[in-house]
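Note sheet for the following structure.
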Amino acid sequence: MLQKAARAVTVVLLAGFGTLALMLVDTCTGEASFMLAFLRDTLAALSGARVTMALLLIALLVLNARFAFRQYPYQKGERLRMTLLAAFFALVATFSAAARTDSVTVADLFQPYALVLAIIKFVGFVALFYVGLKAMLCLLPAVAARLCSLAPNASVSSRAVFFRAWFIILCGWLPSFILRMPGAVTGDAGRVLQQFTGEIAMTADHPVTFTYLLGGLTQLGHWLGSDNLGLLLYTLLQWLALSAAMAMMAADLRTARFPTGFCYALAVFYALLPLAMMNAALVIKDIPYSAAFIGFTVCYARALLHPGEAFASSRWRISCALFTLALLLFRHNGVLTVLPCAAVLLARLWWGKPRIAVRWRLWVIGALLFPVAAVMLLNTYAVPRVAIKVDSTPDMLGVAIQQTARILRNDPSAATAQEMAIIDRVLDAENLAAAYQPRTSDPVRKLFRFHNQHTQADVQAFVGVWLRLVSRHPLEAVQAFWSLSSGFLDPFDPHQSYSVNMLATFSPKYPQALHIAHPQVLQPVRDRLGYAEEIYRGLPLLSLTHAIGLYSWGLLLGWFLIRRSGHRKDVWLLLPALMTLLGCLFSAGYLPGVRYALPLVYTAPYLLSLPARGIFGGGTSVTPSTEGIAGDARKALPD
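Counting from 1 along the sequence shown, just add 3 to a position and that's the residue number in the working numbering.
This is the structure in structure tokens:
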């Protein structure tokens, strides 16, 4: 009786802490210096949410009552991995509000009432994550049995699925395309058009491939009598390419013998995803890069799961080479994805089973490495003839510059006069602290001295000063990095990256040699579509899909579930998306960098679907009561 009472109290406490954590996830009382302010902030966060709080409490009471004390045979090391993931998730969720507003200094984090709130949130999120993951593990056998009962329809080909999925996606995206027609030109695209038309010098800051593609199609429309027509040609091409790439993922799942209904469900998800429809007609290099990334990911996954079939196929080799080439040509950092994935595939080619015939190996190596060599030669010999090479040092040292600026802002005496002189050789040290913005490093990186004839030794000396400042102010450095990039891991930060309007004609980035504008005849339709899209993207469940952290945590959970299955090598499927996440964490920051994470968002559902058979049918940890069901499910799985 006493044991039952203790369990009941534990369930109530866990549910209560979890409810408070969710309700207070956007609350940060670092500025509160006394109990009255703490209570005021807390009550303000909860006001008007009593019904929501009651429903959450009831749901969490049921969840904890069913799974908190349920017996479960864990695999070796599984509890440790669950605990580490839960602790990391709780840390992210606990301090996400402070990172979003950057209203908290290091000293504020150790105020008594801020610590009380942090403890409440941390305990609540640990409990939520741990019990939720345990519930998922307990329900896997039943889910496996249900999925395996859905036999794929052999009469529907992958080609048919591709065209039907493509049609579904295009229909879902059409209103957003009309709203932005002939395309929502961003500042970066405006600079590219200015370079192409000769208004400013051509630089390699934006890949010349994108510059000539966008500029060439716009110029074609100019020759045909309408700059808007040329811009529309480019936007339409990009729109079709991205939607076709997403349809390719649905078709590949059909090739992998997934049920056709599941493939169409994935297409519907992409058709209704605001981050997809709102960015498909956004004129910026990240969209064609995302399309190339999807194609490369599909080729990579196909070779990883079915190497014998893929490596022996000329169709796969040509597709892989073309998508790899496009990936490298549309963004300079595409190499961060290509090289690790190529290394994995080469290892699979050489040492994997089944053994690949020798006659195919050279062809596969060429398909993987020829695009890399071709782009290296292009950037070394051809690009410098048409564009000015831009120093990439501020991009590579973006986090270091950001941390230096924050430390100097909060403690102007942190650096000695000699250290400030070293900083000033490569940066405008006098304005560095004032230019600091927590969530983007663009303002401080623009203070880099490009034309003062500094040497590599000056850059290395700055790196030494940065390391000394970080060693003297480690918490400030951590907070600078966290404020800059935590949004890529925060599942509660739904920052939206989209644009509806064209560049204004008075903008310094507007290409004056062209006349591009939204057609006035469509303005009434655009007003109605814009209002409808604003309501749509704010719908309760759909608004959650804006958070990049949601997809990042999906990949981390996928890694955990694959690792506990009998198909552990499938974790390599997640490599392209995880490399993108790594690149985002060291990019210009979350606010300007949401578009950098679009390839991760677009491929995460597909990559998490591919190892589903191993996760649902190949695991060894099942409860005794459902072991028979899981065994039957594994036998029913198609080869």
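Glycine included, each C-beta is placed from N, C-alpha and C at the ideal position. All values derive from a computational prediction rather than experimental measurement.
Sub-8 Å separation of residue i and residue j beta-carbons
i, j, result
"tyrosine 303", "alanine 168", "no"
"glycine 557", "leucine 492", "no"
"tyrosine 501", "glycine 193", "no"
"proline 488", "glycine 592", "The question names proline, yet the displayed sequence has serine at residue 488. Against a cut-off of 8 Å, the Cβ pair of glycine 592 and serine 488 comes out as a contact."
"threonine 583", "threonine 340", "yes"
"leucine 450", "leucine 411", "no"
"aspartate 105", "proline 543", "no"
"leucine 136", "methionine 85", "yes"
"alanine 306", "leucine 348", "yes"
"phenylalanine 589", "valine 361", "no"
"methionine 184", "leucine 517", "no"
"valine 159", "threonine 263", "yes"
"alanine 248", "glycine 311", "no"
"alanine 274", "alanine 253", "no"
"alanine 130", "phenylalanine 199", "no"
"phenylalanine 128", "alanine 96", "yes"
"alanine 11", "leucine 66", "no"
"isoleucine 123", "leucine 23", "yes"
"histidine 454", "alanine 417", "no"
"alanine 284", "glycine 186", "yes"
"isoleucine 538", "aspartate 230", "no"
"threonine 560", "isoleucine 618", "Residue identity differs from the one stated: residue 560 is leucine in this sequence, not threonine. No. Outside cutoff."
Nearest candidate by alpha-carbon position, reference residue i, set the options
i, options, result
"methionine 251", "Gly490, Pro446, Val164, Val95", "Val164"
"leucine 278", "Gly541, Val481, Leu577, Leu66", "Gly541"
"phenylalanine 72", "Val134, Ala102, Phe113, Leu63", "Val134"
"glutamate 479", "Asn413, Tyr534, Tyr539, Ala418", "Asn413"
"leucine 643", "Ala270, Asp530, Leu332", "Because the chain here runs from 4 to 642, residue 643 falls outside it and cannot be looked at."
"valine 188", "Ala96, Asn282, Ala138", "Asn282"
"proline 178", "Val574, Ala615, Arg529", "Arg529"
"proline 614", "Gly596, Pro595, Val597, Trp575", "Trp575"
"alanine 244", "Ile290, Gln421, Ala101, Pro608", "Ile290"
"serine 99", "Gly218, Leu470, Cys323, Thr30", "Thr30"
"threonine 212", "Ser293, Phe180, Ala145, Ala329", "Ala329"
"cysteine 174", "Trp226, Lys124, Ser246", "Ser246"
"alanine 643", "Val503, His521, Gln523, Ser316", "Past the boundaries of the shown model lies residue 643; the chain is included only from 4 to 642, so the question cannot be answered."
"alanine 437", "Ile122, Ser322, Arg409", "Arg409"
"phenylalanine 132", "Phe70, His309, Pro595", "Phe70"
"proline 374", "Ala385, Phe326, Pro387", "Phe326"
"leucine 25", "Phe166, Phe261, Leu58, Thr508", "Leu58"
"arginine 334", "Tyr292, Ser317, Ala346", "Tyr292"
"lysine 572", "Phe166, Pro115, Tyr116, Leu308", "Leu308"
"alanine 345", "Ser316, Arg318, Ala376, Ser317", "Ala376"
"valine 378", "Trp363, Leu342, Ala350, Asp394", "Leu342"
"phenylalanine 495", "Arg53, Leu94, Gly467", "Leu94"
"valine 119", "Asp394, Met56, Leu27, Val146", "Leu27"
For residue j and residue i, believed in contact at Cβ under 8 Å, the rounded distance
i, j, result
"threonine 258", "serine 161", "5 Å"
"valine 429", "arginine 452", "6 Å"
"valine 14", "leucine 64", "6 Å"
"leucine 610", "leucine 577", "6 Å"
"isoleucine 181", "leucine 532", "6 Å"
"cysteine 141", "tyrosine 75", "6 Å"
Cβ neighbours of residue i in the same chain (closer than 8 Å, five flanking residues each side left out)
i, result
"leucine 220", "Gly233, Leu234, Leu236, Tyr237, Leu240"
"asparagine 382", "Ala207"
"aspartate 461", "Ile425, Arg428, Val429"
"arginine 471", "Glu422"
"leucine 603", "Ile551, Tyr554, Ser555, Leu558, Ala580, Thr583, Leu584, Cys587"
"isoleucine 391", "Ala204, Met205, Thr206, Ala207"
"glutamate 630", "Its pLDDT being 31, under 50, glutamate 630 is placed unreliably by the model, and the measurement read from it follows with that caveat. Within the same chain, glutamate 630 has close Cβ partners Pro144."
Residues near residue i by beta carbon distance below 6 Å, same chain, minus five either side
i, result
"proline 497", "Ser546, His549, Ala550"
"glutamine 499", "His549"
"proline 397", "Arg448, Phe451"
"aspartate 191", "Ile287"
"valine 367", "Phe314, Leu352"
"glutamine 197", "Ile203, Pro514"
"valine 195", "His209, Thr214, Leu217"
"alanine 89", "Val129, Phe132, Tyr133"
"alanine 359", "The identity of residue 359 in the sequence shown is isoleucine, whereas the question assumes alanine. Within the same chain, isoleucine 359 has close Cβ partners Phe314, Leu352."
CB contact check: residue i to chain D, cutoff 8 Å
i, result
"valine 375", "Considering every chain present, this structure includes no chain D. It has just one protein chain."
Close Cβ partners of residue i (< 7 Å) along its chain, the five nearest in sequence each way excluded
i, result
"arginine 320", "Trp366, Val367, Ala370"
"glutamine 405", "Ser444, Val447, Ala483, Leu487"
"leucine 16", "none"
Alpha helix (DSSP H) segments (min. 4 residues) lying fully within the stretch 299-369 = 310-314, 317-333, 338-354
Run through the stretch 59-128 for me and flag every whole beta strand (DSSP E) of 3 or more residues, listed as ranges in chain order.
-> none
Where in the stretch 401-489 do unbroken runs of the alpha helix (DSSP H), each at least 4 residues long, occur, reported from the N-terminal end onward?
-> 401-413, 420-429, 432-438, 445-448, 459-475, 477-488
Output the residue ranges of the alpha helix (DSSP H) runs that lie fully inside the stretch 495-549 and measure 4 residues or longer, sorted by chain position.
-> 526-540, 543-547
Which parts of the stretch 551-591 are runs of the alpha helix (DSSP H), unbroken and 4 residues or longer, counting only runs that do not cross its ends?
-> 551-566, 578-588
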